Every structure is written in structure tokens, then in C-alpha cells.
Amino acid sequence: MDKNMLYRSIPKVDILLGDERVQELIDVYSKDTVMESIHTETDRLRGFIGQCEDESEAVAQTELLVPHIVRAVKAMHTPNMRPVINATGTILHTNLGRAPIGREHIKRVAEIATGYSNLEYNLEAGRRGERYSHFEKLLCKITGAEAAMAVNNNAAAVMLILSSLAKGGEVVVSRGELVEIGGKFRIPDVMEQSGAVLVEVGTTNKTHYDDYENAITEETKALLKVHTSNYRIVGFTDTVGIDELVPLAKRYGLPVVEDLGSGVLIDLSKYGITYEPTVQDSIRRGADVVCFSGDKLLGGPQAGIIIGKKKYIDRMKKNQLTRALRIDKFTAATLELVLQEYLSEEKAVQNLPVLRMITKPYAEVEKEARALARSLRRTNIAAAVGTEPCESQIGGGSLPLERIPSMAVTISPENISVAELEERMRRLPVPIIPRTVNDKILLDVRTVERHLFGTIVKQFQEMGL
Ligand SMILES: *Cc1c(COP(=O)(O)O)cnc(C)c1O
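Positions in the sequence shown are counted from 1; adding 136 to them yields my numbering.
Okay, here's the thing in C-alpha cells:
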């Protein structure tokens, strides 16, 4: 094999630039990105020829040089982050962006973000305002708290609270509540970052009132409760509730802080979900500061919401860390719209996708699954399509034991393996992420809203199974 001849057969840059397909690229995109791709793709080809033992394959790759350049330039200009269809049945899927936001809300946010807004401008007074002002009153009204603010996420909220209330001092927390949440967020590590010293009390399964009281010293700055969102300790257990901690803390003049994790604002037990203590419960029981995520069960944007007594919230607003953790205009605007829905529970359940999916009655899910299965069968794909009952999960480290009865569309491919079909689905223009069980693909319809059915059917049709 004459490698030198193969190297010489690689078209020179000016020849490539003269190619019609490359010319078209330059017209649509920029000459710089086209030149860059010409160089990287030519280098790649050279490397390929260097290693290749099969002459005809080297010739074939050389002929593909221009198509490869076209593909590279187009890929550079195509956004990599894109919508996917979550057919896993996990409603708060952290890898898939957690809480989806309603279309109407995003339209409104787009109006705000594409121009200027009163983010930090008080229109009545004509002077500087606060970015929390847009949703602080709403949060207070809904939860019964005196004051509120929000930072980037709940991990940041915990850090800010501890830094503001307990820096250089001690915080008492139960050993049963030393949580690690996904993404290596560990309560003990966050506390260390905040400059507070953690005083662990009790044991993994039992912590008593006396354990807290005995741990209080001159250095104690707060008592902390952490909701064990993503695990449950069952069996021989004992914990001290907020109701008991509040009087104890009061005697020593200390605040009680509660990290609720998910932060539910409505009683979900009405919809067949296990009762989860609400944010309102914590405030009513006397917690001084409560924090929770914006994009877990609340169903809003990523944020860490902090509510509680005004004197504490004021300290947090003044903390220098707040400047580093502050929310942007997208979050402030979305949070206001999402919280407004909570003024009526009916509206919240209807208009917030997370609550809509959690509360969707089984009968409705079943009907939709059958409709999707019918449409898929009509495409004549080479697969057995059916339906079967399954269970959805809340996810996002919320209500870990909860299973919601649901219905899945099942797909068993005839000519390829389940693993291969799963991969093909992932590579679709609108990727579909399913659950796979042994010999079947499962599309849990609870997390696939009806308006996506058309896209699913069309993509299966075009996949050429
Ligand atoms: C999820 C969770 C957090 C972290 O919240 P993010 O908004 O993901 O940063 C903190 N504490 C608890 C108890 C949680 O469940």
C-alpha cells in the first residue's frame, strides 16, 4: 500500500474551498469555522491513513472528507442542549432537568428576559429595589412566614443560613439526619464550608430531646433539623420533632433551622400520595428559618428558598455570600409566576407540570397509554407494542418510598435487541429516554405529556425499525 500516494490524494485547502458544498457552508456559517473544520478533519484523515491497513478503506474515508467537514461545521452550530422525552416515569429526574416549567410561564419569562425589567427597580418609588420583592410577599402569604428570599439552590441556602447564623459557632444536628444528597452534597461538608462547627447528637436511629439539650453550650448558635428526603430510617427509631425543639431552643435563645429539602406547599395525601410535612407545617410549629428547593416538589425553577423570621432573613440578605449565590432574572420571574399558581391549589395542580403529573388519575394515564400504543401499532414498526401497568416515582430525592400506579407502553423489537433500540431512541432528534426491563422497552406515560405523542409516533415511523 502506497501511503504517500494516499496522503497526496487528500485535497488541498484551496480545492476544498472551491467545493460547492463547502462554499455553501461558508455562505451560511462563517469562513473561520469552516477553515477550522477543514483543518481538524484533514488532520483526522491523515491520522487515519497513518494507521490504516486497508487501502480501499483509506480511499473511502478520503472521499468522505467533505461530508465530514459539513457534518462538523453543522454540529458546531447546533445547540447540544435540547429537549428530551422523559419516559422513565421518574417525575423529578435530576439528570433530565428536574422540574419542567409550564409553557405559559416561560412565555412570560421570555418577555421579561428579552428586554429590560424591574428586577431590582422599585417602580413606585423610582429607586433601587430588591430582587426578592417580586415573590417575597407571595411566599409569606402562602407559608405564613414573616420574610423570604431565594438563592441559587437549596445547597446554597443551607450554606447561607449557617454562615449567617452560626459562623464561628456550633450547630447541633442529629446523627440520623446527616444527609448526602445526589451530586456529593453532604450536610457535614456544607456546614464546614459555612464556617460553622457541627455538633452531632444521638445515634443513627435514635435521637432524644436530652441529646439536644446536653449538647447546647455557650458556643451553640442554632439547632438544625434536616429532612431525610432521600432515605428513611425505619424500625427502632426516635426523632425529636420541631414542636419539641422550638421550646428548647427558645429557652436558650437559639433559632431552630429546618432544611426541608423538597418543600411541599400543598397536602398531597388528597391525591393518594403519602402525607409529606408541608412548609406551612414547619412555620406553624415555630421553626425560625426554613429552606427548600425551588425545583423539587414545588415544581418551579432551580432555587433555594429561605423563609422565616424577619430578623434572621435580614441577616442573610446582608451577608456577603448572598452576592455570590444570588438568583438571576429568569429565576426571580419564574418563581413569582409559579408561586402565584399556589394562590389556588386547583390552579397549581393544573398549571404546574410536576403537580399535574403526580396527581394525574390512573384511569387517565391508562387511557393515554392505550392511545399511544394504538398510534404506534399503526406505524407498522417491526416490534410488538402493548401496554402494561407499572409504577412511577417522584425522584429528585423526594418521597423515596413512594410509588404511583401508572401505565406503560411496551415495545419489544423484532429484529434488533432492546439495548440497540434504547440506543437508537437516545440518538433521535428529540431523544426518548425509556425504562428498559429485560426484553422490553417501557414508556411510562405518566411523565410523557399528551402533546408529545405526535413526536414519539413520527420518530418511530422514521426510525425504520
Ligand atoms: C435536595 C436537597 C438539598 C439540595 O437541594 P438543591 O436544590 O438540589 O441544591 C438539600 N437538603 C435536602 C434535605 C435535600 O433533599
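For every residue, glycine included, the Cβ atom is placed at its ideal position computed from N, Cα and C.
In this text, all values refer to a predicted model and were calculated from it rather than measured experimentally.
Would the C-beta of residue i count as close to ligand 1, meaning under 6 angstroms from any of its heavy atoms?
i    : result
H229 : no
S310 : no
N289 : yes
S299 : no
G397 : yes
S429 : yes
G533 : yes
H204 : no
H213 : no
H175 : no
H363 : yes
Which partner residues of residue i appear in the DSSP bridge assignment?
i    : result
V287 : G440 and R462
L360 : V309 and V393
K342 : D374
N258 : R263
G522 : T546
L274 : None; L274 has no bridge partner.
V335 : V308
L579 : V545
E328 : DSSP output for E328 lists no bridge partner at all.
R368 : Bridge partners of R368: none, in fact.
E86  : With the chain represented from 137 up to 601, any question about residue 86 goes unanswered, as that position is not in the structure.
If contacts are defined as beta-carbon pairs under 8 angstroms, then residue i and residue j qualify, I think. What distance do you get, rounded to the angstrom?
i    : j    : result
I237 : T572 : Going by Cβ atoms, the distance from I237 to T572 rounds to 28 angstroms, so no, they are not a contact pair.
I205 : V158 : 6 angstroms
V209 : L259 : The pair is not a contact, with the Cβ atoms about 46 angstroms apart (cut-off 8 angstroms).
A602 : A358 : Outside the shown range of the chain (137 to 601) lies residue 602, about which nothing can therefore be said.
L569 : I592 : Contrary to the premise, residue 569 reads as Ile rather than Leu in this sequence. About 12 angstroms; that fails the 8 angstroms criterion.
R322 : G532 : With 8 angstroms as the limit, R322 and G532 do not qualify as a contact, their Cβ atoms being about 17 angstroms apart.
I517 : F428 : About 44 angstroms separates the two Cβ atoms, so there is no contact after all.
P437 : F466 : 7 angstroms
G225 : T583 : 5 angstroms
I146 : R182 : 7 angstroms
L535 : T375 : Going by Cβ atoms, the distance from L535 to T375 rounds to 17 angstroms, so no, they are not a contact pair.
G397 : N289 : Actually they are not in contact, since the Cβ atoms of G397 and N289 sit about 11 angstroms apart, beyond 8 angstroms.
G265 : E256 : 5 angstroms
G430 : I443 : Wrong, their Cβ atoms sit about 12 angstroms apart, outside the cutoff.
I369 : N341 : 5 angstroms
V392 : A423 : 5 angstroms
Quick one: does residue i have its CB under 7 angstroms from some CB of chain C?
i    : result
E191 : Among the chains in the structure shown there is no chain C, since it carries only a single protein chain.
Task: Length-filtered (4 minimum) alpha helix (DSSP H) runs lying within the stretch 182 to 242 - done: 191 to 199 and 201 to 212
Task: Those runs of the alpha helix (DSSP H) which lie wholly inside the stretch 397 to 433 and span at least 4 residues - done: 415 to 420
Open item on the list: Threshold first: 3 residues or longer. Then list the beta strand (DSSP E) segments lying entirely within the stretch 526 to 577, N to C.
Closed with: 540 to 549 and 571 to 573
Task: Contained beta strand (DSSP E) runs [length at least 3] in the stretch 480 to 519, N- to C-terminal order - done: none
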